[in-house]
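Asker: Structure provided below as structure tokens; questions to follow.
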Amino acid sequence: MVNFKGCKGWLITAVTFCHFFANYGFLYSYGQFLVVFQEEFGKGATVTGWLGTIPFGLTYLATPLSNALIARYQHRLVAAIGVISCFVSLIVTSFMTSLLPMFFTFSLLYGFGINFVTAAGLNIILQYFPDKHSARAVTIALIGCSTGLLALNPLTYFLINSLGWRNTLRIASAAVMATGAGAVYTFTKPPREHTDLEMKYIKIEGIQRTEEKENLFADQMNGNDMKQKDGQKTGLTSDLLQRKMKEEEESKLRFSQEPRPLSVLRHPELWMLASALVVCCAGVCFFYMSLVNFLVSKNFGETRAMVMTILGVSAVIGKVAVALVGDHLPFPKIFLLVIANIIGAILMGCLLVAESFIPIVSVTIISGLLVISVLDTIPHAVSHQLFHPNQCLVSWTVITSAMGSGYVVGALLGLSMDHTGSYDSALYVCMGFFLSAALLCSFVPLYQTCSARRLVATDMENQPVEL
């Protein structure tokens with residue numbers, strides 16, 4: 001008999017991958033529409049560019065709203081609203097004759113829609129895989145974004161040239177609806193026995209954890225005698241038995257007490273992590289927003305398409321590697337963020353001195369493999385390792401909002417660089433971003449370890465002394 005336990009979680013991961021492929025693949029192909037919109041509507045690159053950056057930022061910034069809706073109405077309804085919003089957005093935008101209304105029909109409507117689907121998809125995946133396979137499942141789903149970037153960019157370019165941008169939007173709406181229907185159908189909350197949650201909460205160094213208790217006592221009791229697992233008699237008295245049972249009940253009661261979800265907002269380590277994600281995502285935004293202009297400034301403008309393709313391929317390979325090894329590392333996932341940020345700072349320093357094409361391509365490959373792949377995926381899974389499962393929805397909301405804020409800050413930094421032409425100063429700033437993020441991320445486990453030791457010391461001091 002084949003055991004299908006746990007297959008539902010992987011099915012949801014697969015359909016989420018497919019929907020992210022269509023939804024994010026189209027959004028990341030907005031650059032193909034930018035030139036067409038400039039020509040048709042007679043607007044500049046800045047105004048036309050904001051049309052695409054707003055939904056990109058909303059994919060994270062609208063997370064508090066989407067998570068509040070998930071908590072009240074569950075994942076399936078929120079995902080359905082998101083899919084319908086994206087579908088309607090693309091259909092209505094395809095009939096627009098001016099750019100200004102498209103800030104509502106496309107930027108806002110599509111941005112909120114894709115955020116609703118993303119929040120519902122990643123959250124339901126973490127419901128099925130809260131511990132053992134969290135990094136792998138989340139990374140597999142997010143690989144759909146990078147795969148869509150690689151596959152749909154040339155396809156979008158071909159469709160725009162062959163059928164026009166309006167028909168291309170209508171074709172994209174059909175793909176979004178088709179993949180979204182499968183996602184909505186499968187987004188059901190898991191029964192407790194279908195999750196991989198073996199322990200409720202593990203802080204750094206294993207403090208405050210719930211484990212399965214060993215069955216020390218026999219199934220049959222008669223008077224003062226009791227059988228052990230091997231069937232032999234014991235000499236435990238009824239008083240000793242009652243005391244052991246009382247201690248067992250007190251232990252279970254102590255560990256079964258769950259904190260309130262909003263109490264996580266009082267944890268300093270959450271805000272350390274959020275601050276780190278704001279600055280590191282601003283640094284990552286250099287690769288998305290300013291790398292092309294950087295190549296032009298270095299007289300490598302004719303190779304910008306190839307370099308961006310290399311970046312996308314390396315990011316996909318890096319995410320696959322994270323999916324394979326992310327759940328089997330001998331250290332907490334938070335340290336992956338520390339390592340990725342340190343590497344990011346080093347790479348920014350390399351770009352400062354790079355004067356030929358080969359070093360720039362090498363930096364691009366390493367960035368996709370070791371920086372972008374980690375910073376795009378691990379933040380979604382790390383909250384379930386740092387905080388109580390009852391607090392994960394709130395902590396994940398803070399984390400994703402911080403990531404969205406970082407991308408907005410990075411976009412503004414990109415505009416500043418375009419106006420001043422000072423790419424060297426921008427690279428120094430990005431180095432500071434990555435180093436600050438690495439420092440803040442390293443403080444998170446340090447603080448939790450010190451805090452846990454203080455809790456243990458206080459608990460030992462408060463224990464009564466038996467005479």
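Anchor point for the sequence shown: position 198 equals 198 in full-length UniProt numbering, and the numbering is continuous, going up by one each time. Just so you know, even glycine gets a beta-carbon here, dropped at the ideal spot from N, CA and C. Note that the coordinates shown come from a computational prediction; the quantities given were computed from them, not determined experimentally.
Would you mind listing the beta strand (DSSP E) stretches within the region 291 to 364 that are 3+ residues and don't spill past its ends, in chain order?
Answerer: Segments of the beta strand (DSSP E) lying fully in the region 291 to 364: there are none.
Asker: Could you have a look at tyrosine 388 and say whether DSSP puts it in helix, strand or coil?
Answerer: Locating residue 388 in the sequence shown gives position 388, counting from the first residue. The sequence given here places histidine at residue 388; tyrosine does not occur at that position. In the structure shown, histidine 388 sits in coil (DSSP, three-state: anything other than H, G, I, E or B).
Asker: I need the straight-line Cα distance from tryptophan 165 to asparagine 23, nearest angstrom please.
Answerer: Position 165 of the sequence shown holds residue 165. Position 23 of the sequence shown holds residue 23. If you take the alpha carbons of tryptophan 165 and asparagine 23, they lie about 17 Å apart.
Asker: Span of the alpha helix (DSSP H) holding alanine 183?
Answerer: As a working mapping, residue 183 is identified with position 183 in the sequence shown. Residues 165 to 186.
Asker: Assuming valine 15 contacts alanine 79 under a Cβ cut-off of 8 Å, what Cβ separation, rounded to an integer in Å, is found between them?
Answerer: The sequence position of residue 15 within the sequence shown is 15, counting from 1. The sequence position of residue 79 within the sequence shown is 79, counting from 1. The Cβ separation is near 10 Å, so there is no contact.
Asker: Suppose the cutoff is 8 Å on Cβ atoms and the five residues either side in sequence are ignored; what does the same chain contact list for serine 401 look like?
Answerer: Within the sequence shown, numbered from 1, the residue matching residue 401 stands at position 401. Excluding residues within five positions, the ones whose Cβ falls inside 8 Å are Tyr60, Leu61, Thr63, Pro64 and Ala274.
Asker: Under three-state DSSP, which class holds methionine 96?
Answerer: Residue mapping note: residue 96 aligns to position 96 of the sequence shown, counting from 1. Three-state DSSP puts methionine 96 in coil, outside helix and strand.
Asker: Name the two residues that bound the continuous alpha helix (DSSP H) containing tyrosine 110.
Answerer: Translated into positions along the sequence shown, residue 110 becomes position 110. Segment 109 to 128, the alpha helix (DSSP H) holding tyrosine 110.
Asker: Consult DSSP for lysine 8 and reduce its assignment to one of helix, strand or coil.
Answerer: Position 8 of the sequence shown, counting from 1, holds the residue named residue 8. Helix at lysine 8.
Asker: Using the Cβ count rule (16 or more neighbours within 10 Å means buried), how would you classify serine 173?
Answerer: For the purposes of this step, residue 173 is identified with residue 173 of the sequence shown, where counting begins at 1. Label assigned to serine 173: buried.
Asker: Use the C-beta contact count for proline 389: other C-beta atoms within 10 angstroms, 16 or more gives buried, fewer gives exposed.
Answerer: Here residue 389 corresponds to residue number 389 of the sequence shown, with the count starting at 1. Classification for proline 389: buried.
Asker: Is glycine 42 helix, strand or coil by DSSP?
Answerer: The residue labelled residue 42 in the question sits at position 42 within the sequence shown. Coil at glycine 42, not helix or strand.
Asker: Would you decide whether phenylalanine 95 is buried or exposed? Buried here means 16 or more other CB atoms lie within 10 Å of its CB.
Answerer: On the sequence shown, position 95 is the one that residue 95 refers to. Phenylalanine 95 should be labelled exposed.
Asker: Residue range of the alpha helix (DSSP H) that glycine 368 falls in?
Answerer: Position 368 of the sequence shown holds residue 368. No alpha helix (DSSP H) contains glycine 368, which DSSP labels as neither H nor E.
Asker: Let me know if tyrosine 73 comes out buried or exposed under the rule of 16 or more other beta-carbons within 10 Å of its beta-carbon.
Answerer: Position 73 of the sequence shown, counted from the first residue, corresponds to residue 73. That one is exposed.
Asker: Mark glycine 9 as exposed unless 16 or more other C-beta atoms lie within 10 angstroms of its C-beta, in which case mark it buried.
Answerer: As a working note, residue 9 is residue 9 in the sequence shown. It counts as buried.
Asker: On a CA-only basis, which of Leu122, Thr156, Ala135 and Thr139 is nearest threonine 186? Give me that one, please.
Answerer: On the sequence shown, position 186 is the one that residue 186 refers to. Comparing Cα-Cα distances from threonine 186 to each of Leu122, Thr156, Ala135 and Thr139, the minimum goes to Leu122.
Asker: Cβ atoms of leucine 277 and glycine 406: under 7 Å apart, would you say?
Answerer: Here the question's residue 406 lines up with position 406 in the sequence shown. Here the question's residue 277 lines up with position 277 in the sequence shown. Closer than 7 Å, so yes.
Asker: Assuming leucine 275 is part of the alpha helix (DSSP H), what are its boundary residues?
Answerer: As a working mapping, residue 275 is identified with position 275 in the sequence shown. Residue identity check: residue 275 is serine in the sequence provided, not leucine. Its alpha helix (DSSP H) spans residues 268 to 285.
Asker: Is the separation between the beta-carbon of histidine 384 and that of leucine 142 shorter than 7 Å?
Answerer: Within the sequence shown, numbered from 1, the residue matching residue 384 stands at position 384. Within the sequence shown, numbered from 1, the residue matching residue 142 stands at position 142. No, the pair does not count as a contact, with Cβ atoms beyond the cut-off.
Asker: If you count every other CB in all the chains shown that lies within 10 Å of the CB of residue 468, and 16 or more means buried, which is it?
Answerer: One cannot answer for residue 468 here, as it falls past the ends of the chain, which runs 1 to 467.
Asker: Excluding the 5 residues flanking methionine 431 on each side, which residues of the same chain have their C-beta closer than 7 Å to its C-beta?
Answerer: Taking the sequence shown and counting its residues from 1, one reaches residue 431 at position 431. Hits under 7 Å: Ala345, Met348 and Gly349.
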